[in-house]
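> Sequences listed follow chains V and X, in order.
The working numbering numbers the first residue of the first sequence as -17 and each following residue consecutively.
The working numbering numbers the first residue of the second sequence as -17 and each following residue consecutively.
Every residue gets a Cβ at the ideal spot worked out from N, C-alpha and C, and that includes glycine.
Below: one structure in structure tokens.
Protein chains: 2
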Amino acid sequence: MTTYSAPIRDMQFVLHDVLDISNQDLPGYGDLDRDFTQAVLEAAGKLASEVLAPLNAVGDREGCTLENGVVHTPRGFLEAFEQMREGGWTALDCDPEYGGQGMPYVIGLAAGEMFSASNMAFTMYQGLTHGAYSAIHAHGTEQQKATYLPKMVSCEWTGTMNLTEPHAGTDLGLLRTRAEPQQDGSYLITGQKIFISAGDHDMSQNVIHLVLAKAPGGGEGTKGISLFIVPKFLVDEDGSLGDRNAVSVGNLEEKMGIHGNATCVMNYDGAKGWLLGELHKGMRAMFTMMNEARIGVGLQGYSVAEAAYQNAVAYARDRLQGRAVTGDANPAGPADPLIVHPDIRRNLMDQKSFLEGARALAFWGAHLIDRAVLAEDKEAHDLVSLLTPVIKGFLTDKGFETAVQAQQVFGGHGYIEEQGMSQFVRDARIAMIYEGANGVQALDLVGRKLAAEGGKPVMAFFELVKAEIKAHEGDAALKAGFCEPLKAASKDLQSAAMFFMEQGMKNPNAALAGSYDFMHLFGHVALGLMWTRMAAAAKAALDGGTEDPAFHETKLATGRYYMARQLPMTAAHLARIRSGAEPVMALDAGRF
Amino acid sequence: MTTYSAPIRDMQFVLHDVLDISNQDLPGYGDLDRDFTQAVLEAAGKLASEVLAPLNAVGDREGCTLENGVVHTPRGFLEAFEQMREGGWTALDCDPEYGGQGMPYVIGLAAGEMFSASNMAFTMYQGLTHGAYSAIHAHGTEQQKATYLPKMVSCEWTGTMNLTEPHAGTDLGLLRTRAEPQQDGSYLITGQKIFISAGDHDMSQNVIHLVLAKAPGGGEGTKGISLFIVPKFLVDEDGSLGDRNAVSVGNLEEKMGIHGNATCVMNYDGAKGWLLGELHKGMRAMFTMMNEARIGVGLQGYSVAEAAYQNAVAYARDRLQGRAVTGDANPAGPADPLIVHPDIRRNLMDQKSFLEGARALAFWGAHLIDRAVLAEDKEAHDLVSLLTPVIKGFLTDKGFETAVQAQQVFGGHGYIEEQGMSQFVRDARIAMIYEGANGVQALDLVGRKLAAEGGKPVMAFFELVKAEIKAHEGDAALKAGFCEPLKAASKDLQSAAMFFMEQGMKNPNAALAGSYDFMHLFGHVALGLMWTRMAAAAKAALDGGTEDPAFHETKLATGRYYMARQLPMTAAHLARIRSGAEPVMALDAGRF
């Protein structure tokens, strides 16, 4: 019942008017002029709208099934996956040495937004493969890369990440899966992994599992963990598929959403695996993937919400109910469309102003990763490491909230599965949980990233905010509508950071008790910065006599809404943070 | 997998220490001493925990089925419904003249909290019947009351409310169901109603539908609407069941949650009906029920969240993951329980402090209804009319948010249906939608209730807040922790009301654009008032040498958390409201 339309005009605005990508001195960026990215985005958008979106409800309804150890994906997924492969979409930002198209990550992310928005559960098969590809690309031997990467770039073979065990989620130090070294240099992997997305399915010839396990001699906790490549089918010398490995699907989980993705219990019963990267350095290998993986989940959070928003707008324009208080808007009809009502507007503007800010933040994050990787820019790397928990935690929390708001526009019809709005809410929910639950993101931000490099990255962020405000000092409209609210919000963020520092020594719980609020406070300031940049770009376009003034005026009005109506949350978060650890920790555990 | 334990100690605290019910000069209240209410709540709690809670997941998994026009409820529902009936729980606060037990509504509500918390979908069969009972009790002829009420009090016959049609939800003026008057004084009802909860099922001998329809001569819009009694089986003179009426189930809706309740499309094909109340005054008859029905939905919102919270606490105590930053709490184990972590505490305290405040507000609302009905107290009636949209809108929004937070404590396990946390979230979602979507509650509050009676009810509310603050002036601890934050929050609410009044004449959209924030702002002030009252009661108990100091100290600490960490939201809502209608209404409908 739902539809999806690729927001290409908005994406082009971020890529070119805000990030000015074709003028960045980065390998591969020179080709990214407006026409080129327009063509890429249109083609990806076509696949998303015409092929993936119609399968979204099918995937939800049918889910995956496990029969005699074989996982079957929903009807139509296989053909769609072939189309995705054949269009080269799985290879978009992969290394040309292994068959990739070599585009920057920011383009891969933009296409990924459309794929996730139109069918999140489906797109995860490719997304997980991309994560495993990146891990092997970064840490694999030449032979490993030659063996696995070409097939993973094309998604003929797909990939997975195996971290969680029944008793070990966030605390990976507790994991029990063992790796026994063999004479030939390989290992035998034994243990059970759970919540393995895309763990097995019928759309690829092989599944390449990356598995965290403990090999002898590594010591206790996370120090003893190594990362292993464990293919479903062993790969012969000539690259052809050999014997079935001793890895099997124990169960498929019944979940709240993303039914089209196979979430597997994976049993490793002495499965043959090969060390990826250094022995006992598995956590470090995982961490290098984490910025990309977490930004990818932040992307899911707002992408699904974007799809929900589009359907809410269509419903609000179409559904006739009540009359505008300022006079009939549809006098010939029996009632006015929902969209005339101020509270429906408030709801839709909350969504729209968040979504466009979120896109700018995610694209900026991807651009920083490109800068870090392609130009080995350490400052960009440190800044995106700081922003990553914000992108993951804030965008998925707000993305879920946005999907709920979109569902609310439908009234009772939003609660009926047939309408499809429930699926957006159920799907969006997982993004707050996996790839590090959002509480863990907040902990990462406050406990690790804030103090990293002696606080240089966070100071650099504040400098960016300051410079942005300074740049528009002479512009009265930008100053009142954007710079001043951004300044106030940024001051709240600085005060919160200061509070943590002051408390830090005497009360380590103060920062932890305020971490979740800090993540949201940071998120609002980051979106405030994005909106100020977008407003400046829109203003420049209008001043320059753009051919599409309506687009840029809309952009300015949407930004003003964010600054006036969403940014005031920073004060509430600061007040919560300043109340310190005492109210949070006052009760004994038995008193709850 | 989930369990439910009746929070009787907390309920008794609200009933006796806060509301002091046994000393109120109201009919029936004199019997409500501590021992009596303890006995009633324990018995209701036993049914909830031991019978209804174990069926909650069964209802979700199996749902209802429609076979050859007959609706079947999930396994075990029938037997549980019989136990509910036999225990007299359906008759608790009903009129003794028709077989009820004649207890005040506040006791019915307290029992209802436990039933809804343990099994919301199941309890709706009784809840809808109670609503229809109240409508017939208030508006029926003596003969109608004698015919229907005794069987509805016992739930041998159940009831429904039929308002919505496919094209007419909030805007009932659009409805098309027709009532044709017959010679014998009855009407023939023809039309289709949707979203009819408990519309049909196999747990009662008859279903008494209350149906809104248009009879000739009533004019356009809502003015022409009348309310009709349409029984599934016609009732003969002697009270026995006669012919099947021309009403049938067209379909069962597949919903996001409350699967155990049959949400029906009802087709009326010339079904025999009898006018309830006055002709063309159907809306008025509906409205007299609305305070009770909406408070009942507010109750569902926080009740389901209470159940979710209890399971989150148990999981947080049990699940070992990570170590406390302040030193190992469980040195003998492989890790510390989740509950040591400040961010988990923050999450649980958000839940706990909301839930206990919500209970106090709902119980107070029910007590005001008792006062309005039993003592014909107009001020109580006007005050509860003002509070009703807040109780419905705020408690269901926050209830859903709380259920989501509880689910989050479980990490990935919370997303798996088997754990049961997803069901709480999916069930709680509907309470924000039905019985008037929360945007409609906000409109009711700002557009109708705020100006009702020349603003006297809202002034009375502010006076109550003022008096509460004044009463504790001499108490330093209450003053700092409760009275001062309450004063600041109340000032924000007054400023918001003032802003609406100033804008009212020149810009009617300003109040409507701020209505949703106003509802939440009001909700926080109301919970702040509740917490100040609870804190004063806890303090008095401690000063008086209570035998259970831990309970009262916990109450104080929980209240301090609410005041310090949740109440600061009022400033953010005020800032949003003060930005006015311009940012909300800036875009043309085509620009979204």
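Using the C-alpha atoms, what's the distance from X:K448 back to X:S(-13)?
36 Å
> Which ranges does the alpha helix (DSSP H) cover as unbroken runs of at least 4 residues, wholly within the segment 97 to 125 of chain X, from first to last along the chain?
102 to 121
> On the three-state DSSP scale, how would you describe V:E445?
Here V:E445 sits in helix by DSSP.
> Spell out the partners DSSP gives X:T172 in its beta bridges.
Answer is X:R160, X:D251, bridged to X:T172.
> Could you pull out every unbroken beta strand (DSSP E) segment of at least 3 residues lying fully inside the segment 21 to 86 of chain V, listed in chain order?
47 to 49, 52 to 54
> Compute the distance between the beta-carbons of X:G264 and X:L194, then report whether it is under 8 Å.
yes
> Give the list of continuous alpha helix (DSSP H) stretches no shorter than 4 residues that lie fully inside the segment 348 to 416 of chain V.
360 to 391, 403 to 413
> Whole angstroms are fine: how far does the CA of X:S222 sit from the CA of X:K254?
17 Å
> Please check the pair V:L74 and V:A93, which I expect to be a contact at CB under 8 Å, by giving their CB distance rounded to whole angstroms.
The C-beta separation of V:L74 from V:A93 comes to about 6 Å, placing the pair in contact by the 8 Å criterion.
> Judging by CA-CA distance, which residue of X:G280, X:A557, X:L157, X:R573 is the nearest neighbour of X:Q174?
X:L157
> Taking C-alpha atoms, which residue in V:A568, V:A539, V:A554 lies nearest to X:V566?
V:A539
> So for X:A195, helix, strand or coil by DSSP?
strand
> Closer than 7 Å, Cβ to any Cβ of chain X: which residues of the segment 283 to 308 of chain V, in chain order?
V295, R299, Q303, G304, V307, T308
> With DSSP collapsed to three states, give me the class of V:N489.
coil
> Hey, quick one: how far does the beta strand (DSSP E) through X:T140 stretch, first residue to last?
139 to 144
> So, does the segment 294 to 303 of chain X touch the segment 350 to 367 of chain X, judging by three or more C-beta pairs under 8 Å?
no
> For X:L110, decide whether its Cβ has a neighbour in chain V, counting only Cβ atoms nearer than 8 Å.
no
> Kindly identify the DSSP beta-bridge partner or partners of X:F177.
DSSP lists no partner for X:F177.
> Is any beta-carbon of chain X found at less than 8 Å from that of V:G394?
yes
> So what does DSSP say about X:G206, is it helix, strand or coil?
Residue state, collapsed to three classes: helix.
> Using the beta-carbon of each residue, which ones in chain X are nearer than 9 Å to V:I412?
G394, Y397
> Does any C-beta atom of chain X lie closer than 8 Å to the C-beta of V:R558?
yes
> Could you name the residues of the same chain whose beta carbon sits closer than 6 Å to that of V:A362, not counting the 5 residues immediately before and after it, in chain order?
L350, R353, A354
> If you measure from the beta carbon of X:M512 to each beta carbon in chain V, is any gap under 8 Å?
no
> Name the residues in the segment 217 to 244 of chain V whose C-beta lies less than 7 Å from a C-beta of chain X; which are they?
E235, E236, K237, M238
> Quick one: is V:K334 near chain X, going by C-beta distance under 8 Å?
yes
> Just list the residues that DSSP pairs V:F215 with in beta bridges.
DSSP, once it has assigned bridges, lists V:R226 as partnering V:F215.
> Tell me X:V428's beta-bridge partners as DSSP assigns them.
According to DSSP, X:V428 bridges with nothing at all.
> Would you call the segment 323 to 332 of chain X in contact with the segment 11 to 31 of chain X, where contact means no fewer than 3 C-beta pairs closer than 8 Å?
no
> Any Cβ of chain V within less than 8 Å of the Cβ of X:M143?
no
> In three-state DSSP terms, what is X:P324?
Residue state, collapsed to three classes: helix.
> By Cβ distance below 6 Å, which residues in the same chain neighbour V:A290 in space, the five residues on each side in sequence not counted?
A385, A388, F406.
> Please list the residues of the segment -13 to 4 of chain X that have a C-beta atom closer than 8 Å to any C-beta atom in chain V, keeping them in chain order.
Cβ contacts with chain V come from no residue of the segment -13 to 4 of chain X.
> Have a look at V:F63, V:A554, V:R16, V:A419 and flag the residue whose alpha-carbon is nearest the alpha-carbon of X:Q303.
V:A419
> Grab the span of the alpha helix (DSSP H) containing V:Y291 for me, first residue to last.
264 to 300
> Determine the direct distance from the alpha carbon of X:L110 to that of X:G199, and round the result to whole angstroms.
30 Å
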